[in-house]
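Numbering (mature numbering (1 follows the signal peptide of the UniProt record, and there is no 0)), first residue to last: -30 to -1, 1 to 259.
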């Protein structure tokens, strides 16, 4: 009876062990399968790629015109290998890739971050240049707000000031001239609006801004002619004559000068400069002569 009971008691235990020996591998396999489902192998491989491999892949994508892919690779370097040399280079190259793709806000953000972290590196001037280019590409026509033109001037002027020997200075100065021309054009557009409505004081204010602040733009000729017209209409003949004289001194062959001269002549007047006028003083800054 004893052995019978022992035999009966052993048999279930052996059965349990046998069952566990079958179930355990199945559970392990199931756990592995579940784990494999939870892991994105592509992400895992991507996260373990060396910095130089990702960086070179970014360059290759950018050279091939795959700008979104290039940006992702450069972002991956920065994310996976922070503070490395390749992360530093990837940050500025990622900004350039975003600029090339027309993602100007992203380019500006990345380049500004680069300048915050690495303000004294060789690529700092390039990062500043990317910011300026991103603003420059967003400049609108003169009928709209010129916020981007002002931002272009500010950014590019900082580049010229901080990195005067940079290879980007020449183009930065060209962009500044263009942006200044846009701002002058905006002033002229508003000034003409007031002039057409015979709001002469408001018109003069806009044309004066052009002569005093944007004397090296192509709009200064018209601004002087419009000042002649506005002052003449207001009965301020001395100022009208001075504006015409300054215009003739700097742009003697200008069609604007011929029109101003004709306007004065219609009332028996001629261009004559008043040295005490603000126009005469501002005229010395004009580079058109």
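Ideal placement from N, C-alpha and C gives every residue a C-beta, glycine not left out.
Would you call the stretch 167 to 176 and the stretch 238 to 254 in contact, with 3 or more CB pairs under 8 Å?
Fewer than three Cβ pairs drawn from the stretch 167 to 176 and the stretch 238 to 254 lie within less than 8 Å of each other, which leaves the two stretches out of contact.
Is residue 85 helix, strand or coil by DSSP?
DSSP places residue 85 in helix when its eight states are reduced to three.
My guess is that residue 71 and residue 41 are in contact by the Cβ rule of under 8 Å, so how many angstroms apart are they, rounded?
Residue 71 to residue 41, Cβ: 7 Å. Contact.
Quick one: what does DSSP say residue 121 is sitting in, helix, strand or coil?
In this structure, residue 121 counts as helix in the three-state DSSP scheme.
Straight-line Cα distance separating residue 78 from residue 85
Those two C-alpha atoms are separated by around 11 Å.
Quick one: Cα of residue 107 to Cα of residue 170, how far?
The straight-line gap from Cα to Cα measures roughly 35 Å.
Can you tell me whether residue -9 is buried or exposed? The criterion is at least 16 other CB atoms within 10 Å of its CB, across all chains shown.
Interpretation of residue -9 is limited by its pLDDT of 41, a score under 50 that renders its predicted location unreliable; the figure taken from the coordinates is listed afterwards. In the assembly as shown, residue -9 is an exposed residue. Its beta-carbon has fewer than 16 other beta-carbons within 10 Å.
Please classify residue 188: is it buried, with 16 or more other beta-carbons within 10 angstroms of its beta-carbon, or exposed?
With fewer than 16 Cβ atoms within 10 Å of its Cβ, residue 188 is classed as exposed.
Alpha carbon to alpha carbon, how far is residue 245 from residue 253?
Spanning the two alpha carbons is a distance of roughly 10 Å.
For residue 83, which residues in the same chain have their Cβ closer than 8 Å to its Cβ, ignoring the five residues on either side in sequence?
When the five nearest sequence neighbours on each side are left out, the beta carbons in the same chain lying within less than 8 Å of the beta carbon of residue 83 are those of 61, in order along the chain.
What separation, rounded to the nearest whole angstrom, lies between the Cα atoms of residue 46 and residue 111?
The straight-line gap from Cα to Cα measures roughly 38 Å.
Distance between residue 158 and residue 66 (C-alpha atoms, nearest Å):
So the alpha carbons of these two residues sit roughly 35 Å apart.
Whose CA, out of 216, 34, 222, 124, lies closest to the CA of residue 182?
A check of alpha carbon separations from residue 182 across 216, 34, 222, 124 identifies 216 as the nearest.
Given 8 Å as the limit, is there contact between the stretch 125 to 141 and the stretch 160 to 167, that is, 3 or more CB pairs closer than that?
By the C-beta criterion, the stretch 125 to 141 is judged not to be in contact with the stretch 160 to 167, since fewer than 3 inter-stretch pairs fall below 8 Å.
Option in 207, 234, 194, 55 with minimal Cα separation from residue 219
Of 207, 234, 194, 55, the smallest CA-CA separation from residue 219 is found for 194.
Quick check on residue 255: does DSSP put it in helix, strand or coil?
Reduced to three states, the DSSP call for residue 255 is coil.
Could you round the C-beta distance between residue 191 and residue 221 to whole angstroms and report it? I think they count as a contact, below 8 Å.
With a Cβ gap of about 5 Å, residue 191 and residue 221 count as contacting.
For residue 185, which option in 105, 160, 114, 151 has the closest C-alpha, if you only look at C-alpha atoms?
Nearest of 105, 160, 114, 151 to residue 185, Cα basis: 151.
Mark residue 49 as exposed unless 16 or more other C-beta atoms lie within 10 angstroms of its C-beta, in which case mark it buried.
Exposed, by the Cβ-count rule.
Between which two residues does the alpha helix (DSSP H) carrying residue 47 extend?
In this chain, the alpha helix (DSSP H) harbouring residue 47 covers 37 to 50.
Selected residue, minimal CA-CA separation from residue 115, among 160, 94, 205, 140:
Closest in alpha carbon position to residue 115, among 160, 94, 205, 140, is 160.
Within a Cβ cutoff of 7 Å, which residues of the same chain sit near residue 103, ignoring the five residues on either side of it in sequence?
The answer, listed in chain order, is 69.
Nearest-angstrom Cα distance between residue 87 and residue 255?
One C-alpha to the other measures close to 40 Å.
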